[in-house]
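Residue numbers (my numbering): 20 to 370. Quick notes on the structure that follows.
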């Protein structure tokens with residue numbers, strides 16, 4: 020019997036930052052309304068109690084429990100995606116390269132998306148860091164120019180803020196906190212001074228490019244000893260490092276990113292699809308790209324009624340990673356009396 024197709028789409032309904040709300044609404048209003056999506060959401064069965072953010076939704080899907088007083092341990096799973104041959108033991112932190120820019124009385128952070136960092140530049144900075152901190156037992160690894168990881172001998176006693184929540188914002192309120200906060204403040208300052216004098220940054224500044232003058236630690240943890248014995252899906256379709264790493268850890272086949280073909284005979288049930296194109300558009304502040312992603316989803320949904328009637332899948336579980344979602348099955352297609360709400364009315368505003 021066919022199972023459900025679970026579709027996680029972070030960014031589908033926000034959250035939308037207040038300063039970007041008007042641009043997003045204008046871009047959406049300027050194009051064709053995504054009526055298939057609006058109709059299906061109106062007729063679907065609402066689901067409550069889902070995970071309230073993308074990383075937590077992925078970890079929960081794979082049965083990874085996280086205590087409320089702990090960071091989400093995304094780093095060891097993302098490392099498994101970026102560098103599957105890296106040593107898996109120990110405690111790992113994301114330590115992504117950033118540009119820290121003074122802004123009046125504050126310092127703001129910009130991530131690697133705006134830095135055009137090459138593999139050679141990343142390699143120079145990582146080698147410089149590792150030589151300088153060799154005696155401390157910490158080691159920096161850069162499997163990609165934009166995603167770096169720090170291996171520690173023991174848990175650092177920190178609560179951290181995910182990089183995506185800090186980009187473009189003042190750094191001070193988001194610095195690591197907890198028992199090890201004082202030590203880490205000193206380490207981050209030392210790394211900042213080390214990078215400031217690096218040949219890499221001298222060349223970048225001479226060329227009018229922003230320096231790589233810091234790292235941002237977040238999402239630390241260890242790989243759990245073993246995955247759960249059973250998962251509610253048998254395959255994963257994703258390209259996000261956390262989704263790919265979790266699939267590898269759980270031994271679940273993973274295919275490339277995108278939306279699976281609904282018109283065909285291939286079974287779609289018992290699948291987990293993580294499609295974060297709308298989220299990437301929101302984080303880049305690109306309303307046109309977000310509207311294009313929504314239009315693509317709306318076009319994809321054209322084949323859903325026929326697929327549901329053929330039982331492939333039994334239902335579509337649509338999860339925007341905001342704490343709620345919808346289940347759409349054949350019965351939902353018959354609720355023609357339910358009036359659709361405009362997608363703008365469903366957008367979640369960031370606080």
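For every residue, glycine included, the Cβ atom is placed at its ideal position computed from N, Cα and C.
Inset, instruction - Give the secondary structure of residue 95 by DSSP, where H, G and I count as helix, E and B as strand, and everything else as coil. - result: helix
Inset, instruction - Pull up the distance between the alpha-carbon of residue 89 and that of residue 175, whole angstroms please. - result: 12 Å
Inset, instruction - Check whether the Cβ atoms of residue 69 and residue 76 lie closer than 8 Å to each other. - result: yes
Legend entry - Contact under 8 Å by Cβ, residue 171 with residue 180: no
Inset, instruction - Could you tell me the boundaries of the alpha helix (DSSP H) in which residue 129 lies? - result: Looking at the DSSP string, residue 129 is not in any alpha helix (DSSP H); the run it does join, the beta strand (DSSP E), is 125-129.
Legend entry - Own chain residues within Cβ distance below 6 Å of residue 365, not counting five before or after: 32
Legend entry - DSSP state of residue 345 mapped onto helix, strand, coil: strand
Inset, instruction - Find out if the Cβ-Cβ distance for the pair residue 169, residue 182 is shorter than 8 Å. - result: Against a cut-off of 8 Å, the Cβ pair of residue 182 and residue 169 comes out as no contact.
Inset, instruction - Count the other C-beta atoms from every protein chain shown that fall within 10 angstroms of the C-beta of residue 121, then say buried if there are 16 or more, exposed otherwise. - result: exposed
Inset, instruction - Would you identify the three-state DSSP class for residue 167, choosing helix, strand or coil? - result: Looking at residue 167 - three-state DSSP - the assignment turns out to be coil, as it is neither helix nor strand.
Inset, instruction - Give the DSSP bridge partners of residue 268, in chain order. - result: Residue pairing from DSSP leaves residue 268 without any beta-bridge partner.
Legend entry - Terminal residues of the beta strand (DSSP E) in which residue 258 lies: Careful: residue 258 lies outside any beta strand (DSSP E) and carries neither H nor E.
Inset, instruction - May I ask which residues mark the beginning and end of the beta strand (DSSP E) holding residue 240? - result: 233-240
Legend entry - Member of 199, 192, 324 whose CA lies at the smallest distance from the CA of residue 373: The structure shown does not extend to residue 373, since the chain spans only 20 to 370, so no value can be given for it.
Inset, instruction - Ignore the nearest five residues each way along the sequence and tell me which others in residue 85's own chain have a CB closer than 8 Å to its CB. - result: 75, 78, 91, 92
Legend entry - Environment of residue 138 [buried if 16+ CB atoms lie within 10 Å]: exposed
Inset, instruction - Name, in chain order, the residues that DSSP records as bridge partners for residue 290. - result: Residue pairing of residue 290 in beta bridges, as defined by DSSP: 24, 254.
Inset, instruction - Return helix, strand or coil for residue 203, following the three-state DSSP convention. - result: DSSP places residue 203 in helix when its eight states are reduced to three.
Inset, instruction - Mind checking which residues open and close the beta strand (DSSP E) that includes residue 119? - result: 110-122
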